[in-house]
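Chains P and W are the protein sequences, given in the same order.
So the first sequence is numbered by our numbering: it starts at 1 and just counts up by one.
So the second sequence is numbered by our numbering: it starts at 389 and just counts up by one.
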Amino acid sequence: MSDNESGEAGFHSPDDAGWYDLFSRGARDWLRHNEKVRDAVRQHLPQIVAGADVLSGGASTVRVPVRMLEHYRFKLRNSNEQQGVGQGQAKPGDRIGRPQQESEQQRGQGGNEEGGIQYTLEFRIDDIVDWLWEEMQLPNLEAKAGKAKEDDWTREGWDRRGARSRLDRRRSLKESIKRRGVQSASGAESPSFTDDDLRYRQLSKREQPAMQAVVILLLDVSGSMGERERQISKTFFFWAIQGLRRQYRHLDLVFVAHTSEAWEFQEEEFFRVTGTGGTVASAGLKKVHEIIDARYSPSQYNVYLFYASDGENFPSDQPQAHAALDELIGDCNYAGFLEVAPLAGHAPDSEIGKLFLNLAEGTDNVGAFRVSGTDDIWGAVKHFFAQS
Amino acid sequence: MTDWQKQISQIEALARSVGLKYHPVEFEVVPESFMTEIAIYGLPVRMPHWSFGVRYIYQLIQHRMGLSRLFEVVFPGNPGRAYLAKTNSAAENVLVTAHVLGHADFSANNMLFRHSQAQVGEHIVEQAAAHARQIGMAIEEHGLQRVESVLDAALSLEQHIDVDLALRRERYPENVPERAPLSEDEFSRRFAALGPDTARPHTGGPAKRAPIPPHPEKDLLWFIAHYAPEMEPWERDIFLAVREESFYFYPVFACQIMNEGWASYWHARLLREADFLPQSAYVDAIKCHSDVVRPTASGENVALSTNPYHLGFSIWEKIIEQHGLEHARKIMCEDDDFSFVRNHLTLDLATELQLFRFKGPANGTLTVQESNLSALHDALLAPKYGFGAPTVSASHVHVDGKLELVHDHITDGRGLDPDRGRKVLEYIARVWRRPVTLTTVNNDHNTMEISVMPELKLA
Numbered sequence: 001m002s003d004n005e006s007g008e009a010g011f012h013s014p015d016d017a018g019w020y021d022l023f024s025r026g027a028r029d030w031l032r033h034n035e036k037v038r039d040a041v042r043q044h045l046p047q048i049v050a051g052a053d054v055l056s057g058g059a060s061t062v063r064v065p066v067r068m069l070e071h072y073r074f075k076l077r078n079s080n081e082q083q084g085v086g087q088g089q090a091k092p093g094d095r096i097g098r099p100q101q102e103s104e105q106q107r108g109q110g111g112n113e114e115g116g117i118q119y120t121l122e123f124r125i126d127d128i129v130d131w132l133w134e135e136m137q138l139p140n141l142e143a144k145a146g147k148a149k150e151d152d153w154t155r156e157g158w159d160r161r162g163a164r165s166r167l168d169r170r171r172s173l174k175e176s177i178k179r180r181g182v183q184s185a186s187g188a189e190s191p192s193f194t195d196d197d198l199r200y201r202q203l204s205k206r207e208q209p210a211m212q213a214v215v216i217l218l219l220d221v222s223g224s225m226g227e228r229e230r231q232i233s234k235t236f237f238f239w240a241i242q243g244l245r246r247q248y249r250h251l252d253l254v255f256v257a258h259t260s261e262a263w264e265f266q267e268e269e270f271f272r273v274t275g276t277g278g279t280v281a282s283a284g285l286k287k288v289h290e291i292i293d294a295r296y297s298p299s300q301y302n303v304y305l306f307y308a309s310d311g312e313n314f315p316s317d318q319p320q321a322h323a324a325l326d327e328l329i330g331d332c333n334y335a336g337f338l339e340v341a342p343l344a345g346h347a348p349d350s351e352i353g354k355l356f357l358n359l360a361e362g363t364d365n366v367g368a369f370r371v372s373g374t375d376d377i378w379g380a381v382k383h384f385f386a387q388s
Numbered sequence: 389m390t391d392w393q394k395q396i397s398q399i400e401a402l403a404r405s406v407g408l409k410y411h412p413v414e415f416e417v418v419p420e421s422f423m424t425e426i427a428i429y430g431l432p433v434r435m436p437h438w439s440f441g442v443r444y445i446y447q448l449i450q451h452r453m454g455l456s457r458l459f460e461v462v463f464p465g466n467p468g469r470a471y472l473a474k475t476n477s478a479a480e481n482v483l484v485t486a487h488v489l490g491h492a493d494f495s496a497n498n499m500l501f502r503h504s505q506a507q508v509g510e511h512i513v514e515q516a517a518a519h520a521r522q523i524g525m526a527i528e529e530h531g532l533q534r535v536e537s538v539l540d541a542a543l544s545l546e547q548h549i550d551v552d553l554a555l556r557r558e559r560y561p562e563n564v565p566e567r568a569p570l571s572e573d574e575f576s577r578r579f580a581a582l583g584p585d586t587a588r589p590h591t592g593g594p595a596k597r598a599p600i601p602p603h604p605e606k607d608l609l610w611f612i613a614h615y616a617p618e619m620e621p622w623e624r625d626i627f628l629a630v631r632e633e634s635f636y637f638y639p640v641f642a643c644q645i646m647n648e649g650w651a652s653y654w655h656a657r658l659l660r661e662a663d664f665l666p667q668s669a670y671v672d673a674i675k676c677h678s679d680v681v682r683p684t685a686s687g688e689n690v691a692l693s694t695n696p697y698h699l700g701f702s703i704w705e706k707i708i709e710q711h712g713l714e715h716a717r718k719i720m721c722e723d724d725d726f727s728f729v730r731n732h733l734t735l736d737l738a739t740e741l742q743l744f745r746f747k748g749p750a751n752g753t754l755t756v757q758e759s760n761l762s763a764l765h766d767a768l769l770a771p772k773y774g775f776g777a778p779t780v781s782a783s784h785v786h787v788d789g790k791l792e793l794v795h796d797h798i799t800d801g802r803g804l805d806p807d808r809g810r811k812v813l814e815y816i817a818r819v820w821r822r823p824v825t826l827t828t829v830n831n832d833h834n835t836m837e838i839s840v841m842p843e844l845k846l847a
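Structure (C-alpha cells):
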C-alpha cells in the first residue's frame, strides 16, 4: 500500500473525526422506536387512564410498562426439539442441562427474539389529556347573556412596524419578491431585502360572546361507597377536570361531597375526603342547588353537574331526591350520573340511577352511565364528553 | 506518528512477501460507540429504521454486561475500509492490522466475494451511504410513515433474495413456448424448484402467455419491486436498495467460518514472523490472539455453541499443515462455508476439537449424540442455509392482483410461525396493495393458509 510509505495518508486519526461523537444513528433509530411505542400505547389510552395512580398527587407523569417492538420476519415454528453443535469434554449419551446464562445471552442476540426486554416509558399527564380530549367537549354549551362579552386579542392585518417577535416572514418574503419584480422590470438594482419589505402581524381587541361555565362535581362519600368505588369516582373526576380545564379557559369548578349531609370542598381536600354514614341524595342535590342560586345564575352560566355514587339511596329519601333533581335539571345544561357499582353492563340500575334514566328519556341534557371497574373510566369520559 | 502507524507498512510488506494479495486498505480509528453502530447496521452509514434502534439497545445492554467487544470491522472493496476501535491497545492494534489484511486477502480472492463485488461494485460503504441519502430524501418528500412502511416490508424480506441469479435481472419473458407437463413425482418437484428448465423440449405448440411468476420465485425483493400492481417508483427504489445491500451481505454471511479462520490464521502467522516487533508487543498481541480464537469451552467445561474463529482457524491450520499453503489458497478462492466444513472438517479434527452434536426437547435436558460426521456437518451448517431464512417463494399472481406465497415446509422440516408470518404479510400487503396469502403447514403438518387484505386507504 503505497500511501502509507509516503506518510500519513491512507488512515485517519480519531482527532479529525469528531462528528462520530456528535451523532448516534443508533440513538436516533431508538428514539424513533420509542415514538412508535408511544403511538401504540396511545391506542390503549383506556388502560392507561384506568391504571394510572394519578390521585396520589404531585406526579406530572404516568409510567407505563411496555415491551420492545419486534420487526417481524418469516421464521419457522418453534420446534419441540432442539439440536446443535457444542464443544468441550462430552461423551455420547452425556446429559446436559441448558445453563441459564447462556439461554439469556441467546435471547439477546439478533435483537428480534421473543421475550424482549420490558421497560418503562413516561407519559406526561398533559399529553394524555391532550389525546383524551382531542374529540371531546362539554355538551350543550351556549353563549350566555349577562357579563356577556369578554375581550380577546386576535390577529388582524399587517403593519410595517411592530415587535420583532411578530415578524411575518412569509409575508415579508412575498413583499420582497413583489418589489424585486417591479424593480428588475424597470432595470433598477434590487437588493434582496429592505426594511420596507418587512411586515409585522397586528393584534386587535375583539369582543367575544362569553362561554362562562361552572362544573359541579358531586361525590357520594357515604359508608356504602367503599375505597374502590371512591377511587373510581375520583379518577373519573380527575380526568374530566383535566380535560375541562384544557378546553375551557374560564371554567369554575365546584366540589361537593355528601353523606346524609353535604359540604363544599376545595379541590385538594375533595380528592382526599372520606366519610361515614347513610346516603341521602337529596342533601347533596339541595346543596348544589343552593350554590347555583347563590353564585351561578343560569342566565349567566352554563351549569354542569356530574354526580358519582353507588346510587343506593335511603328509600325514604327517594321522593325528596326526585323533587330536588327535577328542580335542579331546569338550571343545568347537562346533568350526568356516574353509577359506581360492581355489576357488568353500562345501564344504571340503582335508585338514583333510575331517576336519572327516567329524566333522560325526555331530554338530551341528562345522562347516566355505570362503571364497574377502573377499565370503564375511559368509557365514562367518552359517554359524557364525546362530541355528538 | 504512533508506533502502530509505522508498523502498518511493515506488516503490509511482510504480508505481501508471504503471498497475500489484496486491494489497498484504508484504516480509520473510531470511537467505540461508532464501532457498535457499524456492527448493528452492518455498514458505517446505512438507511434509518427503528428496528436498528432495538438492536442498538440490546447491544448497549450486552456491552454493559461485558459480553462483547469489537476490535475491528472490515469492508471489502477497492480500497477496502477497516475501522479500528479507539480503545484498542497498541499491541491489540498490531494484531488487528494483521487480521484485517487476512480479511482483505480473503475478500479480494474468494469467489463468492468477487462475484458479489462484480455485481454490487467495489464501494459498498459509499453505495450504502448513497442509499441512506436517497431514503432521507424520500422521507422529506413522502413523509416518514410512508417510507417506514416500505422499509418495514423490504427489511423484513432482507434475506429473501436469489444469490444464484444476477443482481440486475431482466423481467420474465411475456410468452413461453408450451412444454410437456412435468410428471408429479418427488424428483420432478425438487427439480422444478431449481428454477426454469430451459433445456426441456417443448411440444411445438404456439407460444402462450407466461404465468407470473413462470416458476416459484425466491427473490421476493426483486419480484415485489418489479411485479407489485401499484408500487410507486420511489418505493421500488427502496426495495432495490435493500436488495443490493443484501447481495453485498450474503458472502459475508456464507463465508463467516472460513473468513474469520483465514484472518485469524494470518494474524497469528504474521505476528510470528514479524521480527521488527518488540518482544513485549509480540507477547501482548499473541495473548490477544489466544483470547479471540479460544474454544468456547476449555478444560472440563462444556459449551452449547462453537466459536467460528476457533473452528475456522483450526481447519485452516490443519489444511496448511497437511497440504501446504498453495492448496489452502486454492480452497480459500473456491469454497464457501458449506463446502469448507463438509470437505475439511474431518472426523479426526472434530474429535480433536471436542465438537459434539446434542439433541433434546425444547426446554429440557439435552443429550450428547453418537459421533456422526455428516450429521455434525448438517447441524453446524443448518442455520446458514437460505441466508438463514425459511424457504418462501412467490408462486402466483392472480388476475385480480392477489399474491400467493408458498413456504417449502418439506425443505425446512416444519411450518412457519403463523403470527410472525401474518405480520410479514401485513408489511407486504401495504406495498403490494392487493391481498397476499401464504401457504405453510401447522404443527400437525396439515396445510394452512394465512391471508391478509391490504388496508383500505382513503385518498
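All C-beta atoms in this analysis are idealised placements derived from N, C-alpha and C, irrespective of residue type, glycine included.
If you check the CB distance, Phe-637 of chain W and Gly-430 of chain W come in under 9 Å.
The C-beta of Ala-691 of chain W comes closer than 9 Å to at least one C-beta of chain P. Spatial neighbours of Val-513 of chain W in its own chain (CB-CB distance under 8 Å, excluding positions within 5 residues in sequence) are listed in chain order as Leu-431, Pro-432, Val-433, Phe-463, Gly-465 and Arg-469.
Contact annotation: Ile-445 of chain W and Met-225 of chain P have beta-carbon atoms that are not nearer than 9 Å. Per the Cβ contact rule, the stretch 793-802 of chain W is not in contact with the stretch 118-135 of chain P (fewer than 3 Cβ pairs under 8 Å). Around Asp-800 of chain W, the same chain offers Pro-778 and Thr-779 as residues with beta carbons nearer than 7 Å, after the five sequence neighbours per side are excluded. Gly-284 of chain P and His-437 of chain W have their C-alpha atoms spaced approximately 58 Å apart.
If you check the CB distance, Val-819 of chain W and Ala-616 of chain W come in under 9 Å.
Under the Cβ distance rule, Ala-40 of chain P does not count among the residues neighbouring chain W, no pair being separated by less than 9 Å.
Assignment of Phe-701 of chain W by DSSP, reduced to helix, strand and coil, places it in the helix class.
Setting aside the 5 residues that flank it on each side, Met-423 of chain W is surrounded in the same chain by Leu-458, Val-461, Tyr-471 and Ala-473, each with a C-beta closer than 7 Å to its C-beta; the list follows chain order. Closest in C-alpha terms to Val-482 of chain W, from the list W:Lys-675, W:Val-840 and W:Glu-740, comes W:Lys-675.
Under a criterion of Cβ atoms nearer than 9 Å, no residue of chain W is adjacent to Arg-67 of chain P; the nearest Cβ is some 11 Å distant. The shortest C-alpha to C-alpha distance from Pro-604 of chain W to any of W:Asp-807, W:Ser-781, W:Thr-739 and W:Arg-808 is the one to W:Ser-781.
Taking a Cβ-Cβ cut-off of 8 Å, the neighbours of Asn-831 of chain W in chain P comprise Arg-77, given in sequence order. Interface with chain W (9 Å Cβ-Cβ cutoff): Phe-74 of chain P is included.
Interface annotation for the stretch 427-451 of chain W against chain P: Ile-428, Tyr-429, Val-433, Arg-434, Pro-436, His-437, Trp-438, Ser-439, Phe-440, Gly-441, Val-442, Arg-443, Tyr-444, Ile-445, Tyr-446, Gln-447, Leu-448, Ile-449 and Gln-450, criterion Cβ-Cβ distance under 9 Å. Around the beta carbon of Ser-60 of chain P, a 10 Å sphere encloses fewer than 16 other beta carbons of the protein chains shown; the residue is thus reported as exposed. For the 9 Å CB-CB criterion, Val-484 of chain W and Asp-94 of chain P do not form a contact. Counting every other CB atom within 10 Å of its CB across the protein chains shown gives Val-280 of chain P a total of 16 or more, marking it as buried.
Listed along chain P, no residue sits closer than 9 Å to Leu-735 of chain W by beta-carbon distance, the nearest being about 14 Å off. Counting only runs of 3+ residues, the beta strand (DSSP E) found wholly inside the stretch 298-325 of chain P occupies 302-309, in chain order. Sorting W:Asp-550, W:Ser-397 and W:Gln-507 by C-alpha distance to the C-alpha of Leu-489 of chain W places W:Ser-397 at the top.
Per the C-alpha coordinates, the member of P:Arg-230, P:Glu-290 and P:Val-303 positioned closest to Phe-270 of chain P is P:Arg-230. Inside the stretch 669-748 of chain W, DSSP marks whole alpha helix (DSSP H) runs of 4 or more residues at positions 696-722, 725-732 and 735-740, from first to last along the chain. A distance below 9 Å separates the beta carbons of Phe-193 of chain P and Ser-172 of chain P.
By the rule that beta-carbons nearer than 9 Å mark a contact, Ser-759 of chain W touches chain P. For Trp-30 of chain P, the neighbours in chain W by C-beta distance under 7 Å run, in chain order, Gly-441, Tyr-444 and Ile-445. Contact between Gly-243 of chain P and Leu-692 of chain W is ruled out by a C-beta separation of about 55 Å, above the 8 Å threshold. The beta carbon of Ala-185 of chain P sits no closer than 9 Å to any beta carbon of chain W.
DSSP, reduced to helix, strand and coil, places Glu-572 of chain W outside both helices and strands of the structure shown, so it counts as coil.
For Leu-582 of chain W, the three-state secondary structure derived from DSSP is coil. Contact between the stretch 658-670 of chain W and the stretch 574-585 of chain W is absent: fewer than three C-beta pairs spanning the two stretches fall below 8 Å.
By alpha-carbon distance to Ser-537 of chain W, the top candidate from P:His-71, P:Gly-353 and P:Asp-293 is P:His-71. Between Phe-337 of chain P and the set P:Leu-357, P:Ser-79 and P:Tyr-307, the nearest pair of CA atoms involves P:Tyr-307. Trp-820 of chain W has no beta-bridge partner at all, per DSSP.
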